[in-house]
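Taking it in order: structure first as structure tokens, then the write-up.
Protein chains: 2
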Amino acid sequence: MNPDLPNSPVPEPVSQTGLTSSASYTQSNLAQSATQLAPTFSPLYQQIKALITQSLQSGEWKPGELIPSEVELAVRFKVSQGTVRKAIDELSAENLVVRRQGKGTFVATHHEARAQFRFLRLKPDVGIQQYPNNRFVEVKRIRAPAEIAKLLDIKVGDSVVYIRRVQSFDGVPTILEDLWLPGAIFKGLTADLLNEYKGPMYALFETEFGTHMIRASEQLRAVAADAVAAELLKIDIGSPLLNVERVSYTYGDKPVEFRRGLYLTLNHHYQNELS
Amino acid sequence: MNPDLPNSPVPEPVSQTGLTSSASYTQSNLAQSATQLAPTFSPLYQQIKALITQSLQSGEWKPGELIPSEVELAVRFKVSQGTVRKAIDELSAENLVVRRQGKGTFVATHHEARAQFRFLRLKPDVGIQQYPNNRFVEVKRIRAPAEIAKLLDIKVGDSVVYIRRVQSFDGVPTILEDLWLPGAIFKGLTADLLNEYKGPMYALFETEFGTHMIRASEQLRAVAADAVAAELLKIDIGSPLLNVERVSYTYGDKPVEFRRGLYLTLNHHYQNELS
DNA sequence: TAGTGGTCTAGACCACGCT
DNA sequence: GCGTGGTCTAGACCACTAG
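First to last, the protein sequences are chains L and V.
Numbering-wise (the working numbering), the first sequence opens with residue 1 and increments by one.
Numbering-wise (the working numbering), the second sequence opens with residue 276 and increments by one.
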């Protein structure tokens, strides 16, 4: 399969010329594009995984689309199907792609039903999870304050889209959320666009702005409601609220959203599984 | 290797001598399950995984111990090493075992350093995570109330161990926690034992009571401090606290602990990664 | 029937930890 | 040097989907 790999664990013996100086360490032909230093050993399937991730990032395969079959990718990358499989296994575990037996492997999308609540951990104490009603209180462009700039990895003063919304379950205001998005990416984002769109915000971001969220990091605290929160959530000042701050990342671990949510947890709770 | 298998992924066809009734205990399990394709098809590696899990549950291999090598297990179960590998891969992903290249595969334990904070998601806002100081306020045996009995899957009125403790970071009381444990399992659990022991409670449970926690489910809320919590945490009544309720499970998804923690989140936060 | 992912096997060599 | 887990390959067959 790879008759010209000097040192990879392929069946074929080395033979060939005296390239053995580099023999004890790394690479296959794959990594030659990147400058390769000695002690960085990376398994083949990790390199394949990186290449596939690049194709996802570059938009060669878009969310919801079918990617080439394992056999095709094996041919393209000149490795065995098993190696491609292991790479895709990890991408699947990280929710970057979704495998469907008999059909193929698809790029993950926030449009499909099973992803609707992927990042919303607030569940009702009784009954099943419903999709909330959205009311957008404010949408405007501002200059990034220092704190926001740092979290989004942009410059202080850069344009950011600021959004304030209230989410209700069964007509009960439950979440007050402030969001900050890099203005450079979310150019045409307006209140109208947000109001028209029904469904998860991340699905809209994906379709309208080509930005797919792949993971997020949250920090939770208990806080007391201030006057603004109290009014918007129709509760008393000082009521305990669950403060959830989130940074979301797209391909390449690039931060593209910061949000601060205040969750009313009288009839809901934040669910988390530890393992 | 198996040139004559018509439709079963199992190596040996059942057959063989009639004297293998004992020897075929595991074997027949495997063959049988794999043979009844119609109603429930379970891959071989899943069956192997179940068998290994049984050995963990039965105590054949105890926390911290080395389990047989992949080759040995492959021989024992009469499957290929690759199949055993896939089974162990999943067990490793679920943190039931820990693989160490060059050494072997070990049963996971709460004693090792890397597991110290596995179930404690409260992190300091600045600095690195420290292990808290424990003060046990109360340890006693009570009759299980309905709510507790339901969560622990025991009968109302059964004996349960009730524990109240305060955990401090750098001398600052930060966590007030109530715990309920099935009395039948935690027989000799006393305040003295808890006070003597330094380190994670789950490590003590493992060593003293043979109960290893493998996963947990948490529900979070924001609440206001009542008089008792205020006094023990040295804060004002009504201060917002993060209420964390947890059910922990041992092998076989058996619930063996319920706890309710009140976290002071002025200088700490609950960290969670979404993916 | 064809194509895809899913499972299983067998054998090779690599990286690591210990003796 | 040896045994362990880790990587890679090759080929077979199974399960699922769709034309």
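Heads up, the beta-carbon is just placed ideally off N, CA and C, and yes, glycines get one too.
Three or more beta-carbon pairs separated by less than 8 Å are not found between the region 462 to 482 of chain V and the region 503 to 515 of chain V, which leaves the two stretches without contact. Rounded to whole angstroms, F117 (chain L) and D467 (chain V) show a C-alpha spacing of 46 Å.
Interface with chain V (8 Å Cβ-Cβ cutoff): F119 (chain L) is included. For V441 (chain V) against R410 (chain V), the beta-carbon gap comes to about 5 Å, under 8 Å, which counts as contact. When the five nearest sequence neighbours on each side are left out, the beta carbons in the same chain lying within less than 8 Å of the beta carbon of P132 (chain L) are those of Q167, S168, F169, T174 and I175, in order along the chain.
Around E206 (chain L), the same chain offers P63, H110 and H212 as residues with beta carbons nearer than 6 Å, after the five sequence neighbours per side are excluded. C-alpha of I363 (chain V) to C-alpha of N95 (chain L): approximately 22 Å in a straight line. Within 10 angstroms of the beta-carbon of P457 (chain V) lie 16 or more other beta-carbons, which makes it buried.
The beta carbon of N267 (chain L) sits closer than 7 Å to the beta carbons of P124 and D125 from its chain, once the five residues preceding and following it are set aside; these are given in chain order. Listed along chain L, the residues sitting closer than 8 Å to L516 (chain V) by beta-carbon distance are A222 and P240. Rounded to whole angstroms, the Cβ separation of L517 (chain V) and A500 (chain V) is 11 Å, and the two are not in contact under 8 Å. Exposure of I128 (chain L) is indicated by the presence of fewer than 16 other C-beta atoms within 10 angstroms of its C-beta.
Residue burial annotation: S523 (chain V) is buried, with at least 16 other C-beta atoms found within 10 angstroms of its C-beta.
With a 10 Å radius around the Cβ and a threshold of 16 neighbouring Cβ atoms, A419 (chain V) comes out buried. Going by C-alpha positions, G536 (chain V) is about 54 Å away from K78 (chain L).
The secondary-structure analysis by DSSP pairs Q167 (chain L) across a beta bridge with L:N134 and L:I175. Each of V:N470, V:V382 and V:Y437 was checked against the Cα of A459 (chain V), and the nearest Cα belongs to V:Y437. Judged by DSSP in its simplified three-state form, Y538 (chain V) adopts strand.
Counted as a single uninterrupted DSSP element, the stretch harbouring A497 (chain V) is not any alpha helix (DSSP H) but the beta strand (DSSP E) occupying residues R490 to A499. Closest in alpha carbon position to K425 (chain V), among V:R351, V:V359 and V:E532, is V:E532. Boundaries of the alpha helix (DSSP H) harbouring S58 (chain L): L44 to S58, taken from the DSSP string.
Not flagged as an interface residue toward chain L: A478 (chain V), since no C-beta distance is shorter than 8 Å. Looking at the DSSP output, E245 (chain L) bridges to L:Q219 and L:R260. Membership of L204 (chain L) in any beta strand (DSSP E) is not indicated; the residue belongs instead to the alpha helix (DSSP H) covering M201 to F209. Of all alpha-carbon atoms in V:I423, V:P318 and V:F461, the one lying nearest the alpha-carbon of D453 (chain V) is that of V:I423. Straight through space, the alpha carbons of L194 (chain L) and W180 (chain L) are spaced by roughly 14 Å. Residue pairing by DSSP places P338 (chain V) opposite no residue, since no beta bridge is assigned to it.
Straight-line measurement puts the Cα of L51 (chain L) at about 59 Å from the Cα of K415 (chain V). Boundaries of the alpha helix (DSSP H) around T358 (chain V): Q356 to A368. At a cut-off of 8 Å between C-beta atoms, E548 (chain V) counts as an interface residue with respect to chain L. Distance check between Q57 (chain L) and each of L:L91, L:L44 and L:Q81 places L:L91 closest, using alpha-carbon atoms only. For H544 (chain V), the neighbours in chain L by C-beta distance under 7 Å run, in chain order, Q219, L220 and R221. Below the 9 Å Cβ cutoff, chain V contributes no neighbours of E147 (chain L), its closest Cβ being approximately 14 Å away. In terms of Cβ geometry, S217 (chain L) and E493 (chain V) do not form a close pair [threshold 8 Å]. Excluding sequence positions up to five before and after S330 (chain V), its CB lies within less than 7 Å of the CB of W336, all in the same chain and listed in chain order.
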